[in-house]
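Asks:
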Amino acid sequence: MTTTAIKHTGTHMVEQPSDIQAVGRRKARQRMTATWAGRIILAVIVIGGWQWFTAAGWVDKFFFGQPTEIWNSLVHLFTEGTAFGTIWENLWITVQEALLGFLLGTFAGIVLGILLGSNKYLSAVVGPYIRIVNSIPRIVLGSIFIVAFGLGTFPKVLLAAVLVFFVVFFNAFQGVREVDQNLIANVRVLGASPLQVAAHVTIPSAMTWIIASLHTAFGFAIIGALVAEVLGAQHGIGLIISQAQGTFDPNTVFACMVIIAVVTLGAEYLITLLERSLLKWRPPSRSEAQAI
1 MTTTAIKHTG THMVEQPSDI QAVGRRKARQ RMTATWAGRI ILAVIVIGGW QWFTAAGWVD
61 KFFFGQPTEI WNSLVHLFTE GTAFGTIWEN LWITVQEALL GFLLGTFAGI VLGILLGSNK
121 YLSAVVGPYI RIVNSIPRIV LGSIFIVAFG LGTFPKVLLA AVLVFFVVFF NAFQGVREVD
181 QNLIANVRVL GASPLQVAAH VTIPSAMTWI IASLHTAFGF AIIGALVAEV LGAQHGIGLI
241 ISQAQGTFDP NTVFACMVII AVVTLGAEYL ITLLERSLLK WRPPSRSEAQ AI
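Numbering (this note's numbering), first residue to last: 1 to 292.
1) Using the C-alpha atoms, what's the distance from residue 31 back to residue 37?
2) For the candidate residues 65, 171, 216, whose alpha-carbon lies nearest to that of residue 115?
3) Would you mind sorting residue 49 into buried or exposed? The rule is 16 or more other CB atoms within 10 Å of its CB.
4) Judging by CA-CA distance, which residue of 199, 106, 250, 90 is the nearest neighbour of residue 163?
5) How big is the Cα-Cα spacing for residue 89 and residue 201?
6) Please name the residue or residues paired with residue 82 in a DSSP beta bridge.
7) What does the alpha-carbon distance come out to for the pair residue 62 and residue 249?
8) Write down the C-beta distance between residue 198 and residue 118 rounded to the nearest angstrom, noting that I regard them as a contact closer than 8 Å.
9) Should residue 136 go down as buried or exposed, given a rule of 16 or more other Cβ atoms within 10 Å for buried?
10) Just verifying my parser: in three-state terms, what is the DSSP assignment at residue 249?
11) Check residue 308 in the structure and name its three-state DSSP category.
12) Does the count of Cβ pairs from the stretch 129-143 and the stretch 201-219 closer than 8 Å reach three?
13) Can we say the stretch 143-151 touches the stretch 92-108, given the rule of at least three CB pairs closer than 8 Å?
14) Tell me the DSSP secondary structure of residue 96 in three-state form.
15) Measuring straight from C-alpha to C-alpha, what distance separates residue 166 and residue 195?
16) For the ligand PLP, is there a heavy atom less than 7 Å away from the beta-carbon of residue 269?
17) Closer than 6 Å by C-beta to residue 228: which residues in its own chain qualify, once you throw out the five before and the five after it? Chain order, please.
18) Could you please give the first and the last residue of the uninterrupted alpha helix (DSSP H) stretch that includes residue 209?
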């Protein structure tokens with residue numbers, strides 16, 4: 001037997017928790033349905049308008065492509081392949097470069113961010129040099145890496161790692177600076193070593209900042225790998241884009257962008273799962289609470 005949804009108290013009726021949860025779930029489903037309906041309508045408007053304008057000649061499809069031709073390019077890429085191998089081979093190379101760069105840049109950004117955020121003297125010494133490197137245009141760094149290390153995988157991983165590093169570093173650095181200093185002082189009074197303070201106070205407190213940076217960081221890893229491939233490569237989605245650009249084929253360029261967008265959305269979903277797993281202790285934010 002289920003509990004009574006409503007209990008009479010004098011002249012008042014009090015809703016039971018089971019009924020409140022049911023209402024909350026129903027509202028959440030309604031919000032999700034409305035959200036997806038809005039997304040689909042927006043996509044139909046944008047893609048349909050694009051197709052209409054190019055078919056009517058209001059927009060030149062030679063320069064801006066056409067949705068139907070982009071679809072044909074996607075079919076061709078997955079069925080016929082490219083001059084540099086199958087699309088799966090090229091996609092795996094790009095994803096591999098981005099993933100390695102993402103891991104390398106994330107690790108370096110977290111370590112240096114926490115280290116400099118915890119040590120004011122070290123921050124004062126190293127900080128200006130980090131800002132100098134951050135001010136260098138990434139395409140210049142990519143060219144330097146290509147010249148120095150050739151057309152292989154390493155320069156692509158390195159450029160992706162550089163882009164990821166600064167995103168993660170500044171978030172980790174700021175996250176450490178935002179940790180409650182009174183809490184750190186109390187833990188030290190209790191006899192905690194610097195390593196214990198970092199492991200049990202500093203890093204968990206900064207984890208929200210760090211995880212938030214990862215959502216943006218993977219996108220930058222993809223950008224770094226693609227830019228390096230456009231500058232010089234033997235395989236990869238960036239090379240396909242570069243060739244399509246040289247032959248004035250915007251449809252293939254957009255098709256490659258669609259492929260990369262799908263990969264990035266998949267990575268974003270996995271990072272969201274990681275965030276929920278690592279931050280179970282954190283009370284849900286207002287937006288997350290509404291989605292429950």
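Each residue gets a CB set at the ideal place from its N, CA and C atoms; glycine is no exception.
Replies: In terms of the structure at hand:
1) Put simply, the backbone Cα of residue 37 is about 10 Å away from that of residue 31.
2) Residue 171 is the option with its Cα nearest to residue 115.
3) Label assigned to residue 49: exposed.
4) Among 199, 106, 250, 90, the Cα nearest to that of residue 163 belongs to 106.
5) Between the C-alpha atoms of residue 89 and residue 201 there is a straight-line separation of about 44 Å.
6) As computed with DSSP, residue 82 is found in a beta bridge with 85.
7) Whole-angstrom Cα-Cα distance: 8 Å.
8) Contact check for residue 198 and residue 118: beta-carbon distance about 7 Å, within the 8 Å limit, so the pair qualifies.
9) With fewer than 16 other Cβ atoms within 10 Å, it is exposed.
10) Judged by DSSP in its simplified three-state form, residue 249 adopts coil rather than helix or strand.
11) The structure shown does not extend to residue 308, since the chain is modelled only from 1 to 292, so the question has no answer here.
12) No, because fewer than three Cβ pairs between the stretch 129-143 and the stretch 201-219 fall closer than 8 Å, the two stretches do not touch.
13) With fewer than three CB-CB distances shorter than 8 Å, the stretch 143-151 does not count as touching the stretch 92-108.
14) In the structure shown, residue 96 sits in a helix (DSSP, three-state: H, G or I).
15) For residue 166 and residue 195, the gap between their C-alpha atoms comes out near 24 Å.
16) Ligands displayed in this structure: none; no statement on the ligand PLP is therefore possible.
17) Contacts found: 142, 155, 156, 159.
18) The continuous alpha helix (DSSP H) containing residue 209 extends over residues 203-231.
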